[in-house]
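Notes for the one structure printed next.
Residue numbers (UniProt numbering): 1 to 178.
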């Protein structure tokens, strides 16, 4: 099965890196997307799987605070992180993590290489190396990434993960996955 021209390589990428329009007010660093990320993987013949945005799916576009842009990013991110711990949203977040893991399992089942997962560092949900809490950027994973890692572990699956943000040498970080 799947003996056509596809590379059978995929990367899972945080929603906001491919769609800056989905993130909280005042946090976009590009008009549309991290083009360097997209170009890097397309030039490497790696398919791009956009993970769902947990904050958009659970809180909506305004994240419950139409004045969020007036706060420092880490303060608004901490507020969002706290909101996401609500029981009903936590259940929804777990369902979104299950969806991502289900896709990874399906790709692996058919011999595809999942070369990695890329999160958005400092994000309260999609941070890999850093997240926001206590009104600061701190070491640790976002809530969504934590749930994905836990579910992958339960499936005995290991996927390399990196986190990026706009101030990083993005190409250098992405090169770690190829």
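Even for Gly, the Cβ is constructed at its ideal location relative to N, Cα and C.
Nothing here was measured: the structure is a model prediction, and the numbers come from that model.
query                                                                                                                                                                        : result
Evaluate the contact criterion for the segment 7 to 17 versus the segment 36 to 49: three or more CB pairs, one atom per stretch, below 8 angstroms.                         : yes
Leaving out five residues before and five after residue 142 in sequence, what residues of the same chain have Cβ atoms less than 6 angstroms from its Cβ?                    : 123, 124, 125, 126, 127, 131
For residue 116, which residues of its own chain have a beta-carbon under 7 angstroms away from its beta-carbon, when the five flanking residues on both sides are left out? : 11, 159, 160, 161, 162, 177
With distances taken between CB atoms, is the gap from residue 181 to residue 164 smaller than 9 angstroms?                                                                  : Any question about residue 181 goes unanswered here, given that the chain covers just 1 to 178.
Taking only the alpha-carbon atoms, compute the straight-line gap between residue 87 and residue 58 and give it to the nearest angstrom.                                     : 12 angstroms
Roughly how many angstroms separate the alpha carbons of residue 99 and residue 53, rounded to a whole number?                                                               : 12 angstroms
Which class does residue 84 belong to by DSSP, given the choice of helix, strand or coil?                                                                                    : helix
Provide the residue(s) that pair with residue 24 in DSSP beta bridges, ordered along the chain.                                                                              : Answer by DSSP bridge pairing: none, since residue 24 is not bridged.
Which term fits residue 121, buried or exposed, when burial requires 16 or more other beta carbons within 10 angstroms of its beta carbon?                                   : buried
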